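Read in order, the letters of the sequence shown correspond to residues 275 to 516 in my numbering. All C-beta atoms, glycine included, are put in the ideal place defined by N, C-alpha and C. Every value quoted in this text rests on a predicted model; they were computed, and no experiment measured them.
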Amino acid sequence: MIPISDNIPSGRLPLVNYAIMGMNVAIFLAELRLEITGNLGNFLQTWGIVPARIHSVITDAITTGNPAAAVAAIVFGTGPLVVAMFLHGSFSQILGNTLFLWVFGKQVEMILGRWRYLLFYLVCGILTGVAQVLVDPTLAVPLVGAQGAVAGVLGAYLLNFPKAKIESILPLVVAFIPVEMPAFFYLLWWFVQQIFYGIGQLEIGGAINPFSMAYWTQVLGMIVGAGLVTLLVQHKPNTAIY
């Protein structure tokens with residue numbers, strides 16, 4: 275089911291959420307230009323999360339014996355943990371993340387406030403990126419996308435607006451069927467769906483590959499978001515209504 279809107283009245287303009295969406299789209303358009311010039315692969319290899327490279331940077335920094343050099347190496351060598359959440363590898367990825375931010379992000383920004391929302395979004399993205407490195411530190415494929423941060427937004431929304439009504443459409447072969455359901459059931463369905471997809475993409479023996487990694491990143495992101503929002507929430511909504 276594709277989410278379209280919710281029934282919560284709009285408050286003040288969610289400037290940070292719109293800025294994140296705009297930045298994601300602008301960078302994706304720049305990526306398309308790099309694809310035309312043949313430079314996209316090198317760009318993603320440099321700024322995507324490459325677990326093997328980040329793991330190597332951190333390991334080497336720790337073993338240098340120079341605390342200042344170690345901190346500098348970790349800060350600059352792990353920059354992709356931030357940058358990669360603003361990069362996308364396909365039209366479906368950028369469209370999906372933008373749509374979910376459009377529907378769910380504005381309400382989470384409303385209860386957190388602008389700067390807390392930005393912090394929340396970045397922390398969710400960074401923590402899920404770190405998890406990707408820890409799960410398979412030998413993976414040499416660049417991982418990109420905002421799915422960990424966006425899933426964090428969904429977790430925060432689920433915890434604070436469980437009774438909100440989500441308007442969505444169910445695409446069938448010959449028609450689009452409108453569906454309305456409480457956010458609790460919609461997001462719980464989405465969460466379980468990611469788990470099943472993640473299991474379905476596992477290799478023989480249970481090994482995680484880049485395809486299953488994306489789904490497990492979203493599962494973790496939703497859990498992280500639900501936990502983190504309780505620490506940062508500024509305006510607790512009326513859950514008796516929403």
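- Taking all protein chains shown into account, P452 has fewer than 16 neighbouring C-beta atoms within 10 Å of its C-beta and is therefore exposed.
- In this structure the stretch 385-397 does not touch the stretch 318-337; the number of beta carbon pairs closer than 8 Å is below three.
- Using a C-beta cut-off of 8 Å, the stretch 297-312 makes no contact with the stretch 393-405, since fewer than three inter-stretch Cβ pairs fall below that distance.
- For L444, the enclosing beta strand (DSSP E) begins and ends at 439-445.
- Residue A425 holds the alpha-carbon nearest to the alpha-carbon of Q467 among V357, G501, A425.
- For the 9 Å CB-CB criterion, S442 and M275 form a contact.
- In this structure L446 is exposed. Its beta-carbon is surrounded by fewer than 16 other beta-carbon atoms within 10 angstroms.
- Segment contact: the stretch 484-503 against the stretch 422-438, three or more CB-CB distances shorter than 8 Å; contact assigned.
- Annotation for M455: the continuous beta strand (DSSP E) segment containing it runs 450-456.
- Residue nearest to Y395 within the set V357, G363, S364 is V357 (criterion: CA-CA distance).
- Taking C-beta atoms as the reference points, N291 and K380 count as a pair closer than 9 Å.
- The beta-carbon distance between P411 and A326, rounded to whole angstroms, is 6 Å. This is short enough to meet the 8 Å contact definition.
- Judged by their CB atoms, M384 and G285 are nearer to each other than the 9 Å cut-off.
- In terms of CA proximity to L408, I323 leads the group I282, P277, I323, P288.
- CA-to-CA, the gap between G353 and N371 works out to about 21 Å.
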